[in-house]
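Engineer: For the protein sequence lines, the chains are H and P, in the order given.
Under the numbering used here, the first residue of the first sequence carries the number 10, and numbering increases by one thereafter.
Under the numbering used here, the first residue of the second sequence carries the number 10, and numbering increases by one thereafter.
2 protein chains.
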Amino acid sequence: MRVFNFAAGPAMLPSPVLDQAKRELEDWQHLGMSVMELSHRSKAFMAVAKAAETDLRDLLKIPINYKVLFLQGGASLQFSAIPLNLARAGAPLAYVNTGAWSQKAIKEANRYNPVTVVADSASTNFLDVPPEAPWPLPLDTSYVHYTPNETIGGLEFPYVPLTGDVPLVADMSSTLLSRPIDVNRFGLIYAGAQKNIGPAGLTLVIVREDLLAATRPELPATMSYAAQSAEGSMLNTPPTFGWYLAGLVFQWLKSEGGLEVIGKRNNAKAQRLYEYIDGSGYYTAPVAKRGRSWMNVPFRLADPSLEATFASEAAAAGLANLEGHRSVGGMRASIYNAMPIAGVDALIEFMRDFAARYG
Amino acid sequence: MRVFNFAAGPAMLPSPVLDQAKRELEDWQHLGMSVMELSHRSKAFMAVAKAAETDLRDLLKIPINYKVLFLQGGASLQFSAIPLNLARAGAPLAYVNTGAWSQKAIKEANRYNPVTVVADSASTNFLDVPPEAPWPLPLDTSYVHYTPNETIGGLEFPYVPLTGDVPLVADMSSTLLSRPIDVNRFGLIYAGAQKNIGPAGLTLVIVREDLLAATRPELPATMSYAAQSAEGSMLNTPPTFGWYLAGLVFQWLKSEGGLEVIGKRNNAKAQRLYEYIDGSGYYTAPVAKRGRSWMNVPFRLADPSLEATFASEAAAAGLANLEGHRSVGGMRASIYNAMPIAGVDALIEFMRDFAARYG
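(1) When the Cα atoms are used, what is the spatial distance from residue 325 of chain H to residue 305 of chain H?
(2) Exposed or buried, residue 270 of chain P, counting other C-beta atoms within 10 Å across all chains shown (16 or more means buried)?
(3) Starting from the C-beta of residue 293 of chain P, find all residues in its chain whose C-beta is less than 6 Å away, skip the five residues before and the five after it, and write them out in chain order.
(4) Cβ of residue 220 of chain H within 9 Å of Cβ of residue 233 of chain H?
(5) Under 9 Å between C-beta atoms, does residue 327 of chain H make it to chain P?
(6) For chain P, check one thing: does any of its Cβ atoms lie closer than 9 Å to the Cβ of residue 267 of chain H?
(7) When Cβ atoms are compared, which residues of the stretch 224-247 of chain H fall closer than 8 Å to chain P?
(8) Examine the Cβ distances between the stretch 173-182 of chain H and the stretch 140-157 of chain H and report whether three or more of them are shorter than 8 Å.
(9) Under 8 Å, CB to CB, which of the residues in the stretch 11-25 of chain H have a partner in chain P?
(10) With a threshold of 8 Å, are at least 3 pairs of Cβ atoms found where one atom belongs to the stretch 114-130 of chain P and the other to the stretch 235-254 of chain P?
(11) Measuring straight from C-alpha to C-alpha, what distance separates residue 297 of chain P and residue 121 of chain P?
(12) Below 6 Å CB to CB, which residues in the same chain sit around residue 216 of chain P once its five sequence neighbours on both sides are set aside?
(13) Starting from residue 125 of chain H, trace the beta strand (DSSP E) both ways and give me its first and last residue.
(14) Where does the unbroken alpha helix (DSSP H) through residue 212 of chain P begin, and where does it stop?
(15) What residues in the stretch 271-288 of chain H have a beta carbon less than 9 Å from any beta carbon of chain P?
(16) Evaluate residue 64 of chain P with the Cβ neighbour count: other Cβ atoms within 10 Å of its Cβ, from every protein chain shown; 16 or more gives buried, anything less gives exposed.
(17) Quick one: which chain H residues come within Cβ less than 7 Å of residue 31 of chain P?
(18) What's the gap between the Cα of residue 104 of chain P and the Cα of residue 111 of chain P?
(19) Within the continuous alpha helix (DSSP H) that includes residue 111 of chain P, where are the two ends?
(20) By the criterion of Cβ-Cβ separation under 8 Å, what are the contact partners of residue 49 of chain H in chain P?
(21) Measure how close the beta-carbons of residue 357 of chain P and residue 278 of chain P come, nearest whole angstrom, since I'm counting them as under 8 Å.
(22) Would you mind telling me which residues of chain P sit closer than 7 Å to residue 251 of chain H, beta carbon to beta carbon, in chain order?
(23) Beta-carbon separation of residue 341 of chain H and residue 165 of chain H under 9 Å?
(24) Just to confirm the assignment: which complete beta strand (DSSP E) runs, minimum length 3, are found wholly within the stretch 318-365 of chain P?
(25) The ligand SAM and residue 255 of chain P: does any heavy atom of the ligand fall closer than 8 Å to the residue's C-beta?
(26) Starting from the C-beta of residue 399 of chain H, find all residues in its chain whose C-beta is less than 6 Å away, skip the five residues before and the five after it, and write them out in chain order.
(27) Classify residue 284 of chain H: buried if its beta carbon has 16 or more other beta carbons within 10 angstroms, exposed otherwise.
(28) Counting only the same chain and skipping the five closest in sequence on each side, list residues whose C-beta sits under 7 Å from that of residue 323 of chain P.
(29) Kindly say whether residue 321 of chain P, judged by its beta-carbon, lies nearer than 9 Å to any beta-carbon of chain H.
(30) Tell me, to the nearest whole angstrom, how far the beta carbon of residue 135 of chain P is from that of residue 162 of chain P; I am working on the premise that it is less than 8 Å.
(31) Scan the stretch 113-138 of chain P for residues whose Cβ lies nearer than 9 Å to a Cβ of chain H and list them as they occur along the chain.
(32) In angstroms with no decimal places, state the Cα-to-Cα distance between residue 313 of chain H and residue 319 of chain H.
(33) What are the start and end residues of the beta strand (DSSP E) that includes residue 309 of chain H?
(34) Quick one: complete alpha helix (DSSP H) runs, 4+ long, within the stretch 242-300 of chain P?
(35) In chain P, which residues lie with their C-beta within 9 Å of the C-beta of residue 331 of chain H?
(36) Measuring straight from C-alpha to C-alpha, what distance separates residue 90 of chain H and residue 229 of chain H?
If you want it as structure tokens, here you go:
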């Protein structure tokens, strides 16, 4: 029996996607082999690859002047690839610090270029987003980087920053495909797959064409957006099985009604959970209301010594992986696209019962 | 029905591995979730990761002073990672040129350090390996890099080069696990998974501990052998499903009797096919006998205009993907570990019949 899996990533995948992957694992499209045994340059796999890109473009309404890349290495490798692809050597970079993932991106960019932190949530202990007022950018800033949703802290921007002509770069690892976005607002969007897209090992990059030009000589060839774009993300062998699974996820999202429907459902899931927590008298959600994530819901128990009991009783009730990140403790419910409303309802029911017994 | 898949990579996987992956795809170890939905830091996945490493160490008899890394990005990303991890800036690097993959490695290394080609098969049109005599190395060479098996050309070294105290680095993408090797002869071994290890998207690196020290500041954090080694290849989320599948492949190899048995079987498969080709009077194998690959067997038809007919008739007979690489043409049978002897026999039978009908 499948459980409700609240892990932050690798995370729950839609059951229909896993059903289909299982059915055709050994004999895909009656070719007598698994999709993962296909040459990436075969017509059969090229059709898989193309369909996935087309469906992603449909879902996100990606304009034609943006390239879509299916890469490897995780968002963390992009922390390096972004400055090496988009910044002149020595040019200032503007970064926004809203928590653990912002900080990793900053640390890596700083290896290559001088980073200015232009907005910072540190003074709120990363429990609120920076004010929306336009941030002062250093002269000749190559780009502004921010993390629309901090997976660990559960802190999410309720707005898209205004950066004028300076390209906006967004680590959307834990928020891409959770609702409609206006891709035109961004110079580059990137995301590790293992939350809302597919299995770990696939990384999506959506980049505006005019940003492909200025790579640096120390950039490894397979990390070059221009080179990968010219080769359809097949400068070398791509993670074919992950690409195929992402394609199945995109089809599932379309069959569910697309991102308008998904976004409303995700909003409803999050609101229901936060409302219960706020009114419970036993649990608390630490993040300021305007910065609360739809995807990652951190919460605390009135008695923190009961956290391990909570997690293990929840797991026994079919609600898995509710422990918070090891760096912050507490509890966290990650409720990505694949988590049905029934999963959130089951969690609330369990929380109510737990509070009644221990509160 | 499963076919015999002669693709060069992504390639055929052992049927028992796919059977098991299929059985447990939606509910792994009765946890109510897929292995690809597990957190990489969960106890359950850490056990998968550890078992895979232990089995690989057993199979290859990897000494304890070598680290094993499960990475992303393919062998092509290692073309950059190797100089950035192992070479001082400006130090000379020695490379051996035996074909297409050597040349890609050379081109990428040259981006970072001056490369000297110390042995070259170009004068044989890449149909023979360089002489075994010790190659003259530039003073202070950081390492010697070679490609034990050229997947496209089907050219394989019958010997391990002697490089004295200079570390030997080997791209074993298409030969690792095909037979026993003496890991002590190497400073670093790397391999993309999609031939003998698992699905595309996983990359193995086996590196001697004393080579972990000298990284350069421009090295992206996730590409650092030292940093990944310190974090058990989990500096960021690894390709968990590929890691799991590789573990199943390692278990399968052990259940088959280990690399001694596998090596004998692979040798028998290759000898049987080359012997048939040499005696056929219709097909020719272009590579010099001492340099013939056990894994990738290129061959030509007496009438090259029949190549497309050969490939399509073979495919119709359940012998898939026999076309040579688009850069060289001709035919190529890749016969990795997962290809049973019955597959080679079926190919020979088809070739005999084809030659009788068209020869």
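Where a beta carbon is used, it is the ideal one built from N, C-alpha and C, also for glycine.
Values in this document were obtained by computation on a predicted structure and should not be read as measured data.
Structural biologist: Looking at the coordinates:
(1) 21 Å
(2) exposed
(3) 309
(4) no
(5) yes
(6) no
(7) 226, 227, 229, 230, 231, 232, 244, 245, 246 and 247
(8) yes
(9) 11, 12, 14, 16, 17, 18, 19, 20, 21, 22 and 24
(10) no
(11) 34 Å
(12) 76, 197 and 234
(13) 124-129
(14) Not the alpha helix (DSSP H): residue 212 of chain P falls in the beta strand (DSSP E), residues 212-217.
(15) none
(16) buried
(17) 31, 34 and 35
(18) 8 Å
(19) 109-119
(20) 19 and 209
(21) Their Cβ separation, rounded to whole angstroms, is 10 Å, which puts residue 357 of chain P and residue 278 of chain P out of contact at 8 Å.
(22) 210
(23) no
(24) 340-343
(25) Among the components modelled here there is no ligand, and therefore nothing to report on the ligand SAM.
(26) Chain H is shown only over 10 to 368; residue 399 of chain H falls outside these bounds and no answer can be derived.
(27) exposed
(28) 331 and 359
(29) no
(30) 5 Å
(31) 113, 116, 117, 120 and 121
(32) 10 Å
(33) 305-310
(34) 249-264 and 267-289
(35) Near residue 331 of chain H there are no residues of chain P at all, since even the closest Cβ is about 12 Å away, more than 9 Å.
(36) 9 Å
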